[in-house]
Amino acid sequence: MIKHNIYINSFLYNFRKEEKKMEIHSVGGFNEVGKNMTVVNLGDDAIIFDMGLYLPAVVELQEEEMQPQTYSEKKLRGIGALPDDVALDKLGLRNKVRAILLGHAHLDHIGAIPYASYRYKAPLVGTPFTIAVLKKILEDEKIKIPNKIATLNPNSSFTIKGKKRNYKAEFINITHSTIQTSMIALHTPQGVILYANDFKLDNTPVLGLPPNYNALKRIAKEGVKALVVDSLYSGANKKTPSEKVARALVEEVLMTIKNESSAIFVSTFSSHIARLKSIVDYGKKLNRKIYVIGRSMNKYISAANEVGMCPFRRDITIGSYKNQVESILKKVKRDKKNSLVICTGHQGEPGSILDRLSRKKLPFEFSPNDNIIFSSKTIPAPVNIANKENMDKRLRKLGVRLFDEVHVSGHGGREDLRDLISIVNPENIIPSHGSTQQLTPMIELAREMGYKAGKECHLMQDGQKLRLR
Ligand SMILES: [Zn+2]
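Going by this note's numbering, 428 is the number at position 428 of the sequence shown; the sequence numbering is gapless.
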């Protein structure tokens, strides 16, 4: 009898231990800006947040091979462009994965899916825009994946089927530099894991909904076990301004510079639909015909249009393929004072429209006093900085006026982070989305707010595991 009891007690103990188990695996995005991937291990079940690409590695590869193309998983793993999720296999996690939850449509969050999601028998879950972009990428790269895909409206929930229990994953609307971005609250018996990668707190977004503060307050009451948080600008003493400020910057440049007879080209992030809207709105006020050229522009604008979030679709003419781009540029050349071109190339990417224009490889030549507006910021990776500088040099030689950084970031600063922590009051904080150097100020902020380093706030690197009690 005693023996029996011991057996039952140890069984219960182990069962409870398994029930209580919670480990966070920082797979990617904790040593670099890119290849974001975090895994939560709950004992019987594991949940993946994001599966992104490390873009500088891909840009370098494109440079080597000089044309955009599809790559093999092996090649991408070889250059370190994919998160190292193979390491999870050894830990026995691969077969426990029940869902892959996607926070937003940026490539450093979803770009690895075509190459790695097949390894998991789990559905992909995201908002309509995120899923529409993902499907376009899969179409473009001619890759078929076996995973089921679930589309979820912002501010709604998905039920994840676990081995013995279900979990609720809540997609809480938040603001960022692309539309329909979510903070994901994974409800577990040990509390909520809040995956807040990426975000800023923008109460006046130009397109889409403002942050859902009510949902954040509600989960705070429930109890947030851990916050995995975009800490890229935790070292910047500021609150990142609203997108309405970026809209005012676009207005300022377009409406006040002397530009009556000159060409105007604007480049921005293809996925930044709100920014594109502001550029189109002021382009219309100038009475210029608006052309949008470049493959990736077409991809994101079509995705936004499919989900009913492209209010300016009828105001623009899009050119994606080579002959369309060339015919648009010939038209612009004939009537440049009545045209405004939105195009790719703000990072000086080889093969982008601005790159090819600067090398005189397209049927349009810039003349002195033509304008190029960069509604963007150069991503601070050596390859981007070098590409942009070299392109600028070529453009300046042609006498072009350059307007840099007509832009506001999509990532919150230190004071946004402080506000988020105050609202959700997490037990543990795990900074993500940057190098150790970029993430360290978040640990300092957490300490300022009363968290103990190493105990309640945790500086992690790629490939580590953290056990939460
Ligand atoms: Zn992002």
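Quick reminder that beta carbons are idealized off the backbone N, C-alpha and C, glycines included. Remember, it's a predicted structure, so these values are computed and weren't measured experimentally.
The secondary-structure analysis by DSSP pairs D230 across a beta bridge with S432. Taking C-beta separations shorter than 6 Å and ignoring five residues to either side along the sequence, the partners of L398 in its chain run F366, following chain order. The stretch 241 to 259 makes contact with the stretch 196 to 207: 3 or more CB pairs, one atom from each, lie closer than 8 Å. The stretch 174 to 181 makes contact with the stretch 119 to 133; the number of CB pairs closer than 8 Å reaches 3 or more. Relative to the non-hydrogen atoms of ligand 1, the Cβ of H104 comes within a distance shorter than 7 Å of at least one. Shown here, R469 sits in coil according to DSSP, grouped into three states, outside any helix or strand.
Going by DSSP, A99 is part of the beta strand (DSSP E) stretching over 97 to 101. Rounded to whole angstroms, the gap between the alpha carbons of G34 and Y120 is 21 Å. Judged by pairs of C-beta atoms under 8 Å, the stretch 443 to 455 does not touch the stretch 270 to 284, as fewer than three such pairs exist. Along the stretch 93 to 164, the alpha helix (DSSP H) occurs as fully enclosed runs of 4 or more residues at 107 to 110, 113 to 116, 128 to 140, listed in sequence order. Under the Cβ criterion (8 Å, minimum of three pairs), the stretch 375 to 395 counts as touching the stretch 335 to 348. Of the residues assessed, D335 falls on the exposed side of the cut-off, its CB having fewer than 16 other CB atoms within 10 angstroms. Annotation: the stretch 278 to 308 contains the following complete segments of the beta strand (DSSP E) (minimum length 3 residues), in chain order: 289 to 293. Looking at the backbone, the Cα of I301 and that of S270 are separated by about 8 Å. Annotated three-state conformation of Y321 is coil, per DSSP. In chain order, L417, P431, S432, H433, G434, Q438, L439, P441, M442 place their CB closer than 8 Å to the CB of S231, counting only its own chain and leaving out the 5 sequence neighbours on each side. Nearest C-alpha to L340 among G351, T317, S327: T317. By a beta-carbon distance limit of 8 Å, L468 does not contact M37. Their separation comes to about 18 Å. Only residues of its own chain outside the window of five on either side were considered, and among them V206, L207, E243 have a CB closer than 6 Å to the CB of A274, listed in chain order. In the three-state scheme derived from DSSP, where H, G and I count as helix and E and B as strand, I79 is classed as coil. In summary, P380 is exposed, with fewer than 16 beta-carbon neighbours lying within 10 Å of its beta-carbon over all protein chains present. Counting along the chain, the unbroken alpha helix (DSSP H) around L88 starts and ends at 87 to 90.
Burial is judged here by how many other beta carbons sit within 10 angstroms of a residue's own beta carbon; R414 has at least 16 and is buried. Of the candidates R394, E260, L329, M309, the residue whose Cα lies closest to the Cα of N338 is E260. With respect to the 8 Å criterion, V40 and L216 are not classified as neighbours on the basis of their beta carbons.
Annotation for D355 indicates a beta carbon at 7 Å or more from all heavy atoms of ligand 1.
Judged by DSSP in its simplified three-state form, M22 adopts coil rather than helix or strand. By the neighbour-count definition (other C-beta atoms within 10 Å, threshold 16), T175 is a buried residue. Note: R401 is bridge-paired with N371 in the DSSP secondary-structure output. Looking at L82, A303, S409, the one whose alpha-carbon comes closest to that of E139 is A303. Cβ-Cβ distances below 7 Å link H272 to S177, T178 in the same chain, with the five nearest sequence neighbours on each side left out; the list follows chain order. Apart from sequence neighbours up to five positions away, the residues of its chain that approach L254 with a beta-carbon distance below 6 Å are Y282, ordered along the chain. The Cβ atoms of I24 and L101 do not sit closer than 8 Å to each other. Contact check between the stretch 210 to 228 and the stretch 190 to 198: three or more CB pairs, one atom from each, fall below 8 Å, which counts as touching. When the Cα atoms are used, I353 and R314 turn out to be separated by approximately 22 Å.
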